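With the numbering used here as the guide, the letters of the sequence shown map in order to residues -6 to 158.
Note that the Cβ used here is the ideal one computed from N, Cα and C, for glycine as well.
Values in this document were obtained by computation on a predicted structure and should not be read as measured data.
First comes the structure, then the notes that go with it.
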Amino acid sequence: MISENGVSPLPSKIEAIKQIPVPKTVKEVRSFLGLSGYYRRFIKDYVSISAPLTKLTTKTSNKQFNWTADCEHAFTILKTCLCNSPVLVHPKFDREILLQTDASDIGLEAILSQLDDNGVERPIAYASKILSGRERKYCTTEKEAFAVIFGIRTLRTYLLGRPFK
């Protein structure tokens, strides 16, 4: 939903998300990941949170559905994040834009934000990516540099021609 305050998921969609039961099959996990993936730009650390569920959908995991405590936790956290997602503010291009990046053994994350009139940092966009097997072998410094490159490339429409920190 787009308003003068920013962008947020539709209230009717949030209500539907609240009603989603715990997945019982790989197909249901994929369906939930598809839905949550659609709203991933509203969820900080999406890749890290969803990793146990994503692991369930891999070819090696398809033979046996093994719902673990980690899967349950990830499912609950994703539903909570979707239902309580922040409003992504509209960027004000006359103000400084902040880009924060992070890398883990699982993936990369970028957060674009801006300070509001009260000096409070407000998110403009979130971006995340799962690292491939080859990328997971990078050393920490390379992963962090890769996260910066990923953030700039992914959020370039906000950053091109503008100073940012």
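Rounded separation between residue i and residue j - CA only
i       : j      : result
Lys106  : Ala118 : With the sequence shown as reference, residue 106 is identified as Ser, and Lys is not the correct amino acid for it. Using only the alpha carbons, I get a separation of about 7 Å.
Ile104  : Trp60  : 31 Å
Tyr32   : Gly154 : 28 Å
Ser(-4) : Ser29  : 22 Å
Pro14   : Pro84  : 36 Å
For residue i, three-class secondary structure by DSSP
i      : result
Asp95  : strand
Pro116 : strand
Val19  : helix
Leu101 : strand
Val0   : strand
Same chain, Cβ closer than 7 Å to residue i, neighbours up to 5 away in sequence not counted
i      : result
Lys122 : Val40, Gly100, Leu101, Phe143
Beta-carbon proximity check, residue i vs residue j, cutoff 8 Å
i      : j      : result
Leu92  : Phe157 : yes
Leu71  : Ser43  : yes
Ala120 : Thr150 : no
Cys76  : Lys11  : yes
Val82  : Arg129 : no
Spatial neighbours of residue i in its chain, beta-carbon cut-off 6 Å, leaving aside the 5 residues before and after
i       : result
Met(-6) : Ser1, Leu3
Nearest residue (CA-CA) to residue i, options the options
i     : options                : result
Gln57 : Lys48, Asp63, Glu65    : Lys48
Tyr88 : Pro45, Leu108, Asn(-2) : Looking at the sequence shown, residue 88 is not Tyr but Arg. When each option's Cα is compared against that of Arg88, the closest is Leu108.
CB contact check: residue i to chain C, cutoff 8 Å
i       : result
Glu(-3) : Looking for chain C here will not work: only one protein chain is present.
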